[in-house]
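So this is what it looks like as structure tokens:
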């Protein structure tokens, strides 16, 4: 390996370590967390430039389609994360990565209840109701969520 390539590889490794440290410390406004909704472990990535911006809960297609590989396109390339706090939710059963999700726990009502719980969590955390942004299955899920929990308000309003 040439010295230039070695130096480049070293710089890339250092940059990667700094980025990971910033993510772990929450310095970039990114937060990946495991949450339990409806008794099932799921995960959520929140990203945004300003914590006080309006919150958008992104409901991915699928069901079962992972979202984390697309967050840069959805929020970064479109610059949504400059104006909103984007919450990317990896729903139950996504990509088969979460063990213990039985097929009978993949009912529409389970997804709707999970979404309502997550919307309430985001409302408590950010002191505002999240907007819903869905694509394909996510738009169907969003409409169902609005019917199930859209009119419910917390005592904090």
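In this note's numbering, the protein residues as written are -19 to 137. Even glycine gets a Cβ: it sits at the ideal position worked out from N, Cα and C.
Please classify residue 18: does DSSP put it in a helix, a strand, or coil? coil
Own chain partners of residue 97 with C-beta closer than 8 Å, once the 5 adjacent residues on each side are dropped: 17 and 18
Buried or exposed by the 16-neighbour rule on C-beta atoms within 10 Å, applied to residue 94: buried
Same chain, Cβ closer than 6 Å to residue 42, five either side skipped, listed in chain order: Taken in chain order, the residues that qualify are 117.
Beta-carbon spacing of residue -11, residue 36 below 7 Å: no
Where the alpha helix (DSSP H) through residue 140 begins and ends: Any property of residue 140 remains undetermined from this structure, which presents the chain solely from -19 to 137.
Inter-residue Cα distance where the pair is residue 73 and residue -16: Straight-line Cα distance between these residues: approximately 45 Å.
Residue 87 to residue 65, Cα distance in whole Å? 29 Å
Let me know if residue 22 comes out buried or exposed under the rule of 16 or more other beta-carbons within 10 Å of its beta-carbon. By the 16-neighbour rule on beta-carbons within 10 angstroms, residue 22 is buried.
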